[in-house]
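A.B. asks: Mind looking over this structure? Questions follow.
Residue numbers (this note's numbering), protein chains in the order written: chain A, 1 to 468; chain B, 1 to 439.
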């Protein structure tokens, strides 16, 4: 009964192409391909119950968050660095993710795969992921092994020893990873082209894994200078979730991380100019099994807007494109019968202005033009419809609150959820108050959010056509 | 309420005994719960979060029981179950579920229809009443049937062009030429067009003959769970009436290639495995861990990824079906490197088949397996899923409690002997989707 589904965690160092859709690579593939529904259900952090989080900061500036969960004697140690692909220098796309892979190559004190071997001996899980705004390394192990994990993570924060051969082989691994995720998948290629079209200047328009020709140009010196610049305690955030005593955690973190000297990290990014035009991407590919319609809008994020605003947009995404009950699905799939599938997704966990996505698969025989026209009609009518059916809003709030509980179900998920929020500008208070924020959203707030987001001059509309 | 609960006292007292016996008994109380109507479940109760997850399987009505010309019927039915039941049409039913923030999902695998319900504790009664409606009175309205048919058609069309899916489909088709396991659970686009509402209604009538297996985790007591089982499953708890499948005979085949115009070839490989009821099953799990068990240190991972940079990911896993036991692996590599990658896998297989497994590797595998269970049960849904898997492998409720002891007791010689008897390059088969050079 072991199926591939049950093996979804821990496939080796991974990359999240789109943090806003899903944090793990596997989740991403699922979200894009199986479709469409329920993309936005995994992103929230609702609070029916308190996290009971405790925090402290080391003298070198490293922050530590503790999330208790005593169901089983296990602990997830998740170390976040405030650096992602959006922080890369021009010409070096993908370097943040490549470097994440290289972090598994060993140090002088713990050479080669010592870390992975230790995890193997204690039956644990070890992996990492990279997104636009952050890179995170995690291990889930029996609580008794927390100190050894800290030793190993603290060691590789500053003592990585790379050989030229390791760098050369790992570059080939990334090439295969890019083929797997993107080049073998026309829908992933469409998304990549669409993001590159939406963002005129910001690196959110560049794929996390990198462009193939730039992947091939990475050198060992590129990796090391990236390491020296970004990997330092003051640029790190540690989340420890699970069955461990807080005082002991403080003691261990102080011993192992507290003694690493920190340097100042300056984050400078290319920024986005005003978007003045509607843009369009048309991709024809004989390998596409089905046509796909995609629209991306610019949308505010944790880093650019306050929580009441981002929560309203999350609810908007759920209302129009969330699972079985979303308005677009109801209208376009069930009533007007123009689409086989339709959904919307939005993840506010980003530092800079991010995206709101709507995608749809036309019913066979329906043209892209008909589908697009109908979607725009429905978006235009949305606010008026919502005012007539306030129960829709109440229903979506229930769903988001439940999704928030599910996002905290387990030490790994809790660390992931809280870490992604904190690494992109949300606070623990935001997380604790989430249920109240959701409850306070009104029909007018949603209408305002829809007006703000659905602006043609701040969008790109894409079609994947089957070229036979 | 407690009168309706029959706890498995024998098992519980045995677990208590074990707890005293060993220092490292599994720190999770798993109990058997039986409802008054006779539905039973394993439960791991926890108050950490106020959610309840129940996983269940209706064994005997999976895709392998679909009629030959209606492949994908069970999968079609699984998707239809959420499209209206009882007095509620599709829209009304989905709103009923959404009103309480509950989710129900169904998927058909080769042996069973597998379901999951997730709900906040406060809404449990309503959610399980809705589940009963789904299982006993699904509507199969014609407009919903056509809507789901179209959704399935475009999804199947996409998968026909997905190298990983196509390679897997080709492997099963070649390995089980004379058995319904050869068909993919989702069926084909052609068969999808042939499924009628009457077929779905017939399928529904077969559900009551399926064998029901249930696992639960989260914020629910044994008494409460017994009540929920009655709410949802009281019409289904008769068991074992489904026509059993015949034993699936694995067939050796020369590499199968499906041409798809992509830069990377997806490859699925496999050979027969070992039944979980066999004494050699745990040794096989150790061998799988050593060879390709999904860690960063397995032989295949080191050989193909770390040393040669041929793949991003490679792993193997045992697969237990009611009529077949398998060991299946997969990877993807550039078309030009496919041959080299396959030869590297074969070389590792040959080495395993010689029994070339060191004491250090066996000790490390033991150490890993002994401690991996708690980490693999990180969260309510992970716990529930694990408890369902163990039951579907027809293992006892003490499986988890006995786990460490059983792993500990395995002799290195048995592991090497199992490697020699179970592994063989003659049995190892490959299916490839892409434009592989040299095939």
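Backbone N, C-alpha and C define an ideal beta-carbon position, used for all residues, glycine too.
Using a Cβ-Cβ cut-off of less than 8 Å, list which residues of the stretch 65-88 of chain B approach chain A; keep chain order.
C.D. replies: Under the 8 Å Cβ criterion, the stretch 65-88 of chain B contributes 82.
A.B. asks: Using a Cβ-Cβ distance under 8 Å, would residue 341 of chain A count as near chain B?
C.D. replies: Counting from one through the first chain, the residue named residue 341 of chain A turns up at place 341. Answer yes: the Cβ-Cβ gap between residue 341 of chain A and chain B drops below 8 Å somewhere.
A.B. asks: Might you give, ordered along the chain, the residues of its own chain that have their beta carbon closer than 7 Å to the beta carbon of residue 350 of chain A, omitting 5 neighbours on each side?
C.D. replies: By 1-based counting over the first chain, the position of residue 350 of chain A is 350. Same-chain partners within the cutoff: 19, 20, 132, 133, 301, 302, 303, 424.
A.B. asks: Any idea what DSSP makes of residue 67 of chain A, helix, strand or coil?
C.D. replies: As a position in the first chain, residue 67 of chain A is number 67, starting the count at 1. In this structure, residue 67 of chain A counts as strand in the three-state DSSP scheme.
A.B. asks: Given that residue 401 of chain A touches chain B, what residues does it touch there, using C-beta distances under 7 Å?
C.D. replies: Your numbering for residue 401 of chain A matches position 401 in the first chain. Those within 7 Å of residue 401 of chain A in chain B are 101.
A.B. asks: Roughly how many angstroms lie between the CA atoms of residue 397 of chain B and residue 32 of chain B, to the nearest whole one?
C.D. replies: Taking the first residue of the second chain as 1, we reach residue 397 of chain B at position 397. Taking the first residue of the second chain as 1, we reach residue 32 of chain B at position 32. If I take the Cα positions, the gap works out to 8 Å.
A.B. asks: Counting C-beta neighbours from all protein chains within 10 Å, is the total for residue 388 of chain A 16 or more, i.e. buried, or is it exposed?
C.D. replies: What you label residue 388 of chain A is simply residue 388 of the first chain in a count that begins at 1. The residue is exposed, with fewer than 16 neighbouring Cβ atoms inside 10 Å.
A.B. asks: Quick one: residues in its chain with C-beta nearer than 6 Å to the C-beta of residue 57 of chain A, no 5 flanking neighbours on either side, listed in chain order?
C.D. replies: Position 57 of the first chain, counting from 1, holds the residue named residue 57 of chain A. So the qualifying residues of the chain are 63.
A.B. asks: Report the CB separation of residue 119 of chain B from residue 100 of chain B in whole angstroms; it is logged as a contact under 8 Å.
C.D. replies: Locating residue 119 of chain B in the second chain gives position 119, counting from the first residue. Locating residue 100 of chain B in the second chain gives position 100, counting from the first residue. With 8 Å as the limit, residue 119 of chain B and residue 100 of chain B qualify as a contact, their Cβ atoms being about 7 Å apart.
A.B. asks: Determine, using beta carbons only, whether residue 320 of chain B and residue 327 of chain B come nearer to each other than 8 Å.
C.D. replies: The count along the second chain starts at 1 and reaches residue 320 of chain B at position 320. The count along the second chain starts at 1 and reaches residue 327 of chain B at position 327. No, the Cβ-Cβ distance between residue 320 of chain B and residue 327 of chain B is not below 8 Å.
A.B. asks: Which word fits residue 264 of chain A, buried or exposed, when buried means at least 16 other C-beta atoms lie within 10 angstroms of its C-beta?
C.D. replies: The count along the first chain starts at 1 and reaches residue 264 of chain A at position 264. Under this definition residue 264 of chain A is an exposed residue.
A.B. asks: Tell me whether residue 455 of chain A sits in a helix, a strand or coil according to DSSP, three-state version.
C.D. replies: As a working mapping, residue 455 of chain A is identified with position 455 in the first chain. Residue 455 of chain A: coil per DSSP, three-state reduction.
A.B. asks: Inspect the beta-carbon positions of residue 346 of chain A and residue 313 of chain A and report whether they are closer than 8 Å.
C.D. replies: Looking up residue 346 of chain A in the first chain gives position 346. Looking up residue 313 of chain A in the first chain gives position 313. For residue 346 of chain A and residue 313 of chain A, yes; Cβs fall inside 8 Å.
A.B. asks: Give the secondary structure of residue 217 of chain A by DSSP, where H, G and I count as helix, E and B as strand, and everything else as coil.
C.D. replies: Your numbering for residue 217 of chain A matches position 217 in the first chain. Residue 217 of chain A falls in the coil class under three-state DSSP.
A.B. asks: To the nearest whole angstrom, what separates the beta carbons of residue 186 of chain B and residue 289 of chain A, a pair I think is in contact under 8 Å?
C.D. replies: The count along the second chain starts at 1 and reaches residue 186 of chain B at position 186. The count along the first chain starts at 1 and reaches residue 289 of chain A at position 289. Actually they are not in contact, since the Cβ atoms of residue 186 of chain B and residue 289 of chain A sit about 13 Å apart, beyond 8 Å.
A.B. asks: Determine whether the beta carbon atoms of residue 379 of chain A and residue 298 of chain A lie at a separation below 8 Å.
C.D. replies: Taking the first residue of the first chain as position 1, residue 379 of chain A is located at position 379. Taking the first residue of the first chain as position 1, residue 298 of chain A is located at position 298. No, the pair does not count as a contact, with Cβ atoms beyond the cut-off.
A.B. asks: Leaving aside the five residues before and after residue 60 of chain B along the sequence, list all residues of the same chain whose C-beta is less than 6 Å from its C-beta, in chain order.
C.D. replies: To locate residue 60 of chain B, count along the second chain from 1; it is residue 60. The answer, listed in chain order, is 210, 211, 242.
A.B. asks: Comparing the C-beta of residue 138 of chain A with each C-beta of chain B, is any distance below 8 Å?
C.D. replies: On the first chain, position 138 is the one that residue 138 of chain A refers to. No, its Cβ sits nowhere closer than 8 Å to a Cβ of chain B.
A.B. asks: Should the stretch 353-368 of chain B be regarded as contacting the stretch 96-116 of chain A, the criterion being three or more beta carbon pairs within less than 8 Å?
C.D. replies: Judged by Cβ distances under 8 Å, the stretch 353-368 of chain B makes no contact with the stretch 96-116 of chain A, as fewer than three pairs qualify.
A.B. asks: Would you decide whether residue 230 of chain A is buried or exposed? Buried here means 16 or more other CB atoms lie within 10 Å of its CB.
C.D. replies: By one-based count along the first chain, residue 230 of chain A stands at place 230. Residue 230 of chain A comes out buried.
A.B. asks: What does residue 370 of chain A touch in chain B if you count any residue whose Cβ is under 8 Å from its own?
C.D. replies: Along the first chain, read from residue 1 onward, the residue named residue 370 of chain A stands at position 370. Chain B residues near residue 370 of chain A: none, gap ~15 Å exceeds 8 Å.
A.B. asks: CB residue 283 of chain B to CB residue 418 of chain B, shorter than 8 Å?
C.D. replies: Position 283 of the second chain, counting from 1, holds the residue named residue 283 of chain B. Position 418 of the second chain, counting from 1, holds the residue named residue 418 of chain B. Closer than 8 Å, so yes.
A.B. asks: What does DSSP give as the partner residue(s) for residue 135 of chain A in the beta ladder?
C.D. replies: Here residue 135 of chain A refers to the residue found at position 135 when the first chain is read from its first residue. For residue 135 of chain A, which the question treats as bridged, DSSP gives the partners A/81, A/130.
A.B. asks: Using the Cβ count rule (16 or more neighbours within 10 Å means buried), how would you classify residue 125 of chain A?
C.D. replies: Residue mapping note: residue 125 of chain A aligns to position 125 of the first chain, counting from 1. Buried: at least 16 other Cβ atoms inside 10 Å.
A.B. asks: Return yes when the Cβ of residue 80 of chain A is within less than 8 Å of the Cβ of residue 239 of chain A, no when it is not.
C.D. replies: Position 239 of the first chain, counted from the start, is the residue given in the question as residue 239 of chain A. Position 80 of the first chain, counted from the start, is the residue given in the question as residue 80 of chain A. The answer is yes: Cβ separation under 8 Å.
A.B. asks: Within a Cβ cutoff of 8 Å, which residues of the same chain sit near residue 121 of chain B, ignoring the five residues on either side of it in sequence?
C.D. replies: Locating residue 121 of chain B in the second chain gives position 121, counting from the first residue. Contacts found: 50, 51, 52, 218, 219, 220.
A.B. asks: Less than 8 Å between the C-beta atoms of residue 202 of chain A and residue 272 of chain A, yes or no?
C.D. replies: Reading the first chain from its first residue, position 202 is the one you call residue 202 of chain A. Reading the first chain from its first residue, position 272 is the one you call residue 272 of chain A. Closer than 8 Å, so yes.
A.B. asks: Short of 6 Å in beta carbon distance, which residues of its chain neighbour residue 56 of chain B, apart from the five on each side in sequence? Order them along the chain.
C.D. replies: Here residue 56 of chain B corresponds to residue number 56 of the second chain, with the count starting at 1. Closer than 6 Å at Cβ, skipping near neighbours: 115, 214.
A.B. asks: Distance check for residue 124 of chain B and residue 30 of chain B, CA to CA, integer angstroms please.
C.D. replies: Translated into the one-based positions of the second chain, residue 30 of chain B becomes position 30. Translated into the one-based positions of the second chain, residue 124 of chain B becomes position 124. Roughly 20 Å between the two C-alpha positions.
A.B. asks: Mind checking the stretch 269-289 of chain B against chain A and listing, in chain order, the residues whose C-beta falls within less than 7 Å of any C-beta there?
C.D. replies: Under the 7 Å Cβ criterion, the stretch 269-289 of chain B contributes no residue.
A.B. asks: Which stretch, first to last residue, makes up the alpha helix (DSSP H) that contains residue 349 of chain B?
C.D. replies: Mapped onto the second chain, residue 349 of chain B falls at position 349. First-last of the alpha helix (DSSP H) with residue 349 of chain B: 338-353.
A.B. asks: Could I get the ranges of all uninterrupted beta strand (DSSP E) runs contained in the stretch 175-245 of chain B, with 3 residues as the minimum, in chain order?
C.D. replies: Those beta strand (DSSP E) runs which fall completely within the stretch 175-245 of chain B and span 3+ residues are 211-218.
A.B. asks: State the Cα-Cα distance for the pair residue 329 of chain A and residue 45 of chain B, rounded to the nearest angstrom.
C.D. replies: Indexing the first chain from 1 puts residue 329 of chain A at position 329. Indexing the second chain from 1 puts residue 45 of chain B at position 45. Rounded to whole angstroms, residue 329 of chain A to residue 45 of chain B spans 37 Å at the Cα level.
A.B. asks: Which of the three DSSP states, helix, strand or coil, is assigned to residue 89 of chain B?
C.D. replies: Here the question's residue 89 of chain B lines up with position 89 in the second chain. Strand, per DSSP.
A.B. asks: If you reduce the DSSP assignment to three classes, tell me which class residue 298 of chain A lands in.
C.D. replies: Translated into the one-based positions of the first chain, residue 298 of chain A becomes position 298. Correct three-state label for residue 298 of chain A: strand.
A.B. asks: Output needed for residue 176 of chain B: all residues of its chain with C-beta closer than 6 Å, excluding positions within five of it in sequence on either side, in chain order.
C.D. replies: Mapped onto the second chain, residue 176 of chain B falls at position 176. Around residue 176 of chain B: 182, 248.
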